[in-house]
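Per the working numbering: the sequence shown = residues 181 to 472.
Beta carbons: idealized from backbone N, C-alpha and C, even for Gly.
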Amino acid sequence: MSTIPTALHRKRPVFSVEFFPPKDDAGGQRILETAKAILPYQPDFVSITYGAGGGTRETTMRYARLLQDDYNFEVMPHLTCVGHTVDELLEILKDFDRAGFRNIMALRGDPPKGEKVFKPTEGGLSHASDLVELIRQNFPAFGIGVGGYPEKHPEAVNESTDLAHLKTKMDAGADFITTQLFFDNQAYFDFVQSCRSVGINKPVLPGLLPVLSLGQVQRFCKMCEATLPSSLERRLTEAEDENQPLVGSEWAAMQIRQLLEEGAPGYHIYALNKPQSTLQILDYLGIEKSAA
Ligand SMILES: Cc1cc2nc3c(=O)[nH]c(=O)nc-3n(C[C@H](O)[C@H](O)[C@H](O)COP(=O)(O)OP(=O)(O)OC[C@H]3O[C@@H](n4cnc5c(N)ncnc54)[C@H](O)[C@@H]3O)c2cc1C
181 MSTIPTALHR KRPVFSVEFF PPKDDAGGQR ILETAKAILP YQPDFVSITY
231 GAGGGTRETT MRYARLLQDD YNFEVMPHLT CVGHTVDELL EILKDFDRAG
281 FRNIMALRGD PPKGEKVFKP TEGGLSHASD LVELIRQNFP AFGIGVGGYP
331 EKHPEAVNES TDLAHLKTKM DAGADFITTQ LFFDNQAYFD FVQSCRSVGI
381 NKPVLPGLLP VLSLGQVQRF CKMCEATLPS SLERRLTEAE DENQPLVGSE
431 WAAMQIRQLL EEGAPGYHIY ALNKPQSTLQ ILDYLGIEKS AA
C-alpha cells in the first residue's frame, strides 16, 4: 500500500486531519467522536501529535492504534526528541513499525513547560534533522514528514538560517513538509518559493487551523508568531461569540480554495479533536461523504 509521500505525488489534493492524544476519558470520547464524524469523508491520512500539550508516549501510541485499527485511517504518529535518548527513540520507532505505521512526523519538539531553551537529553538528539537521519538509517521504508514555518520558527535568527536548517532536514531524508498554521496565504506562497530557491523540491502541505474565537487565534498567533490578517480580526470582532467558529471555518475554506487553485498539494486541518469546524470547512468546500 502507498505511503503519504506517494499519495502527495500521485493524488491531488491530499486531505489530512491532525489529532492530539487526550489527557482524560472525556478527551478520549471527544477524539473518537471526531474520528467517527470525519471518517465518512475519508481523509488520505490522519496524524496524532506526540508530547505536545501534555500527551505521553503511551497515549500517542494507544490512540494512533485505535485510529488505525478501529477506524482504518492511514495514521502518521508524530515523534519528538524531547526527553529521549537515541536508544529510546529507536525503541519507539520499533514499536511504531511493529504496530503497522508507515509514516512518521519527525520533530524536535518544544522545551518543556517553564523552560525557554531546548536542551537535548543526554544521549539524545538536538535537532529534527538528527531524528530524520536516525529514522532513515534504521527504518528506511518509513515515509517521513517534517515541520516547516512559513513565518519563520520563533527561535530562528532569520528566515534564511531557518530555511538552511529546513534544507538540512530534507537532505537527511524527509519526504514532505507540513507547515505551521498561517492565516495569510501569501506567507505560504512566499515560503514555497523560498524552499524551491534553495533546492527543496518536496511537497509542502499547508497546515490550517479552524479559528474558534478571537481570543484563541490571538493566543495562537502570539505563540507561533503568525500574522493575524486585519480582515480576519475585524470579522471575528464583529461576530457574536457563537458565530466566531463559523467565521473561522469560512476563512479556512477560503484559504484552502485559493491554496489549491495556486497549486498546493492538499491541506492539513488542525482539528483540535473537535469535529464541527472541520465538517463545516468540508461543507464549504463541497466535499461529500464517500459512498464506500
Ligand atoms: C506540522 C507540525 C507538527 C508538530 N507536531 C508537534 C508534536 O507532535 N509535538 C510537539 O511537541 N511539537 C510539535 N510541533 C511543534 C514543534 O515541535 C516546535 O515548533 C519545535 O519548536 C521545533 O520543532 P522542529 O521539528 O521544527 O525543530 P527543528 O527543525 O530542529 O528546528 C527548531 C529550531 O532549531 C533551528 N535549527 C534546526 N537545525 C539546526 C541546526 N543544525 N543548528 C542550529 N539550529 C538549528 C531551526 O531553525 C529552528 O529555529 C509541531 C510543529 C509542526 C509545524
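Its chain contains G231, G289 as the residues whose beta carbon lies nearer than 6 Å to that of V262, once the 5 sequence neighbours on both sides are disregarded; these appear in chain order. Pairing G428 with L452 gives a Cβ-Cβ distance that is not under 8 Å. Taking 8 Å as the cut-off, the beta carbon of I228 is found no closer than this to the beta carbon of T214.
The region 277 to 335 contains, as complete alpha helix (DSSP H) runs of 4+ residues, the segments 308 to 318 (chain order).
Separation of the CB atoms of Y221 and K469 is rounded to 6 Å, and the pair is thereby assigned contact status at 8 Å. DSSP places E441 inside the alpha helix (DSSP H), whose first and last residues are 424 to 441.
Distance from the CA of S309 to the CA of E335, rounded to the nearest whole angstrom, comes to 16 Å. Cβ neighbours of L440 within its own chain (closer than 6 Å, five residues either side excluded): P193. Here I449 has V197, L388, T458 as same chain residues with Cβ atoms under 6 Å from its own Cβ, once five neighbours each way along the sequence are excluded.
In this structure T358 is buried. Its beta-carbon is surrounded by 16 or more other beta-carbon atoms within 10 angstroms. Proximity of the beta carbon of L287 to ligand 1 is indicated: a heavy atom of the ligand is located closer than 7 Å. For V255, the enclosing beta strand (DSSP E) starts and ends at 255 to 260. For E238, the Cβ stays outside the 7 Å cut-off from all heavy atoms of ligand 1. Excluding sequence positions up to five before and after L305, its CB lies within less than 6 Å of the CB of C261, L311, all in the same chain and listed in chain order. The region 337 to 378 is shown to contain whole beta strand (DSSP E) runs of 3 or more residues at 356 to 359, in chain order.
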